[in-house]
Structures are given as structure tokens and as C-alpha cells.
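Protein sequences, first through last, are from chains A and B.
The number in the working numbering is simply the position in the first sequence, starting from 1, with 170 added.
The number in the working numbering is simply the position in the second sequence, starting from 1, with 492 added.
Positions of the beta carbon are idealized from the N, C-alpha and C atoms, including for glycine.
Just so it is clear, the structure is predicted and the values come from calculations on it, not from any experiment.
A short write-up of the structure that comes next.
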Amino acid sequence: MDNNLKASGQRAVQYWFKDGLAELGGGVMCLILAVYFGLQQILQSSQGSFAIFFLLVFVAAFGIRKVMLWYRERSTYPRTGFVSAKSGLENHWLLGVSILFTLLLLGFMLYTIIRGIQTVVWIPVLCGVIFAFICTMVGYQTKLVRFYYLGAFCLFLGIVLALSGLGDFWGAAVLSLVTSLILFAYGIITRWAYIHQTKTITENADER
Amino acid sequence: MSVNPQPITSLTNVDRLIHEPSRSIILAILSAVQSADFLYLLRETGLTKGNLTVHLSKLEAAGFIKIEKTYKGKLPLTLCSITNEGEQAFENYRKQLREFLGEEHK
Numbered sequence: 171m172d173n174n175l176k177a178s179g180q181r182a183v184q185y186w187f188k189d190g191l192a193e194l195g196g197g198v199m200c201l202i203l204a205v206y207f208g209l210q211q212i213l214q215s216s217q218g219s220f221a222i223f224f225l226l227v228f229v230a231a232f233g234i235r236k237v238m239l240w241y242r243e244r245s246t247y248p249r250t251g252f253v254s255a256k257s258g259l260e261n262h263w264l265l266g267v268s269i270l271f272t273l274l275l276l277g278f279m280l281y282t283i284i285r286g287i288q289t290v291v292w293i294p295v296l297c298g299v300i301f302a303f304i305c306t307m308v309g310y311q312t313k314l315v316r317f318y319y320l321g322a323f324c325l326f327l328g329i330v331l332a333l334s335g336l337g338d339f340w341g342a343a344v345l346s347l348v349t350s351l352i353l354f355a356y357g358i359i360t361r362w363a364y365i366h367q368t369k370t371i372t373e374n375a376d377e378r
Numbered sequence: 493m494s495v496n497p498q499p500i501t502s503l504t505n506v507d508r509l510i511h512e513p514s515r516s517i518i519l520a521i522l523s524a525v526q527s528a529d530f531l532y533l534l535r536e537t538g539l540t541k542g543n544l545t546v547h548l549s550k551l552e553a554a555g556f557i558k559i560e561k562t563y564k565g566k567l568p569l570t571l572c573s574i575t576n577e578g579e580q581a582f583e584n585y586r587k588q589l590r591e592f593l594g595e596e597h598k
């Protein structure tokens, strides 16, 4: 019985990924990254454009989240209800690992800047590690195995692209594009299943 | 041969308000999230609107959950969230249940 109670709670945690919109939003985000890396390669932008990179990422993430929530209010909540997930700050282990990972990543970037390394080292692997980390954290929290698979694949692809000699930005662009396509596929399948398994509840005449 | 009566009594001491299956499911859901609305709980528990309302009222009266009527955009929502007291009571309930079942499986 205790396991059943746990499963009920787990389903509520997974609710954010039940309608496929989160994956579709993630797919759009990765697509924007792919376009950005592609443009970096084509236009041969300076290192200073990294500031634009961060700005672009934050604006895009914020915008996509807004659009996703707007659509969710109109499509998901009337069908299957509203659930607000916990912030994740309650899980100290998860928070600690996230902070440590971010510090390591920033430290690595700072090191490359201080040492005056002109070319950014192994961007595809770095992106692969970041994608894998995000997927693993999502998988750990939601217990959805498909995110572990995606994380492992991103890491593997990042290493392969780095070794392929495709170039830093092309490699990162391909990695982002492939990840976005996988997320779109996840999102479309999940969305299709969600739409077909649920319908908007209409009140019966005696319940009005 | 002596038998430790503790596991059996641990079950008789459980909070009867939580021990009702529908209410324990409601608390299990609410303990995993920040808040959930009436429609979500309705679908997850499989109860009728009337039944769910009664169970939620009982849990609210005991101080285990908080019910708030609000809007998400133009959508009216009846949001339910578990209180600290409710979280503690539900954790105790699960602990007692585990103790009982753990002994039973030996």
C-alpha cells in the first residue's frame, strides 16, 4: 500500500511531462541553440558574442516558458487539471549537485578565458555534458527513463562529434539539432497519446 | 514462543482520518507537489465531485490541507495544498504502515 501511495505522488511529479509540451518547448530551445551555433560558424563571430549567447538563451528560455504556460492554461488545465510542482529546493542533494556542476562549468570557462585560449575547447562535448546533466536531473526527479536514455545519447553524440573533426560550432549545432529532433519526437508522441487518452470534462446537467 | 505485539498495535494507532483510502491518496498526491487543483484530484482519485468535496472538507477541518479559490488566467481553480501539520501526520501514518507491513512479511 505504501508503494501505491508513493506511485500516486510520483504521477503528480511526472504531470509536468504528461502533455508533451515540456518536451516540445525543450525542442524549440535546442533548435534555437542549433541556429545560433550554425550562425556562429557561418558568420565567424568574435568571442565577445558569448554575451549575446547567454542573453539569447535566457530570453528564449523565458519566452518559450511563457508561451508554453499560456498554451497549457488553455489546453491541459481544462482537461486534466492544474498541478504546481515543488521548486526542487527541498531536495538538498539535488540542489548541491546542481550548484557543484554549475561551479565546475563556470570554473572551466573562466580557466579557458584566463589562459587566453582563443578557440573554445571541445564545445560539442561541453554541450553534450550539459544536455546529459539536465536530462539526468529531470530523469532523476520524474523517474521517466526516457530522459536517462536521451542524456546518455547526448553525451555519446557530443564525444563523437568532438572526435569527428567537424569543428566546434558545427559540432555543437549538429548536437543541438539532433537533440531538438529527439525532443520533438518525444513531445509529439506524448502529446498525441495525451490528447487521445483525455478529454475536457463537461459538467452534467445536474451538476451545474 | 513470545510474540512482540508492537506491530499489531502500531496499526491500531494510525490516524483514522488519514487511513481512509481516498484521503490517504489525496494526501499522497499533495505531499508530492506544491499544490493541485480539484479537477486533477478528481481524475487521480476517481471519486465523484461530491465525495471528493467531502473528503477535502474533512482534511481541511483537521488542518491537514489548505484550500484556496483562485484564477489561472481566466480559468477558475480550487487549489489544494498540504500543510506542515498534514505532511507530518502523513509521514507518521506511512511510518506506522511500514512498521506493520515489515513485521508481517517476516
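Contact with chain B by residue i, beta-carbon distance below 9 Å
| i | result |
| --- | --- |
| Thr250/A | yes |
| Ala255/A | yes |
| Tyr364/A | no |
| Ala204/A | no |
| Lys235/A | The sequence shown places Arg at residue 235/A, rather than the Lys named in the question. Taking Cβ atoms only, chain B never reaches closer than 9 Å to Arg235/A, which makes this a no. |
| Arg361/A | no |
| Arg316/A | no |
| Gly179/A | yes |
| Ala182/A | yes |
| Trp240/A | yes |
Minimum Cβ-Cβ distance from residue i to chain A less than 9 Å
| i | result |
| --- | --- |
| Asp529/B | yes |
| Arg535/B | yes |
| Ala554/B | no |
| Val506/B | no |
| Ser514/B | no |
| Leu539/B | no |
| Lys564/B | yes |
| Leu571/B | yes |
| Leu567/B | yes |
Whole-angstrom distance between residue j and residue i, CA atom to CA atom
| i | j | result |
| --- | --- | --- |
| Gln211/A | Phe228/A | 21 Å |
| Thr246/A | Leu265/A | 29 Å |
| Ala255/A | Leu522/B | 10 Å |
| Gly195/A | His547/B | 37 Å |
| Thr306/A | Thr501/B | 42 Å |
| Thr585/B | Val506/B | Rather than Thr, the amino acid found at residue 585/B in this sequence is Tyr. Distance between the alpha carbons of Tyr585/B and Val506/B: 6 Å. |
| Ile557/B | Glu583/B | 14 Å |
| Leu274/A | Lys236/A | 30 Å |
| Ala363/A | Trp240/A | 21 Å |
| Thr250/A | Leu314/A | 19 Å |
| Ala182/A | Ala192/A | 15 Å |
| Leu336/A | Ala204/A | 14 Å |
| His597/B | Gln580/B | Legend: pLDDT at His597/B = 48, less than 50; position of this residue unreliable, value from coordinates given subsequently. Going from the Cα of His597/B to the Cα of Gln580/B covers about 26 Å. |
| Val198/A | Thr360/A | 16 Å |
| Thr575/B | Phe252/A | 18 Å |
Buried versus exposed, by CB contacts within 10 Å (16 or more), residue i
| i | result |
| --- | --- |
| Ser350/A | buried |
| Arg508/B | exposed |
| Ser346/A | buried |
| Arg515/B | buried |
| Ala520/B | buried |
| Ala332/A | buried |
| Gln588/B | buried |
| Thr272/A | exposed |
| Thr312/A | buried |
Proximal residues to residue i (C-beta, below 6 Å), its chain only, five neighbours per side dropped
| i | result |
| --- | --- |
| His511/B | none |
| Phe339/A | Phe207, Gln210 and Gln211 |
| Leu569/B | Asp529 and Thr562 |
| Ile293/A | Asp338 and Ala342 |
| Ile517/B | Thr537 |
| Tyr356/A | Glu193 |
Contacting residues, own chain, Cβ-Cβ under 8 Å from residue i (five flanking each side not counted)
| i | result |
| --- | --- |
| Gln526/B | Ser573 |
Residue i CB to nearest heavy atom of the ligand HEM below 8 Å
| i | result |
| --- | --- |
| Leu551/B | Within the structure as shown, the ligand HEM is missing, as the structure has no ligands at all. |
Own chain partners of residue i with C-beta closer than 7 Å, once the 5 adjacent residues on each side are dropped
| i | result |
| --- | --- |
| Leu154/A | Given a span of 171 to 378 for chain A in the structure shown, any question on residue 154/A remains unanswerable. |
| Trp186/A | Ala192 and Ala255 |
Quick check for students: name the residue ranges of the alpha helix (DSSP H) that lie wholly in the region 223-261 of chain A, counting only runs of 4 or more. Runs of the alpha helix (DSSP H) spanning 4 or more residues and lying entirely within the region 223-261 of chain A occur at 247-250, in chain order.
In chain order, which continuous runs of the alpha helix (DSSP H) of length 4 or greater are located wholly inside the region 315-369 of chain A? Counting whole runs of 4 or more residues, the region 315-369 of chain A contains the alpha helix (DSSP H) stretches 315-334 and 338-367.
Restricting to runs no shorter than 3 residues, where is the beta strand (DSSP E) found entirely within the region 508-548 of chain B? The qualifying runs are 527-529.
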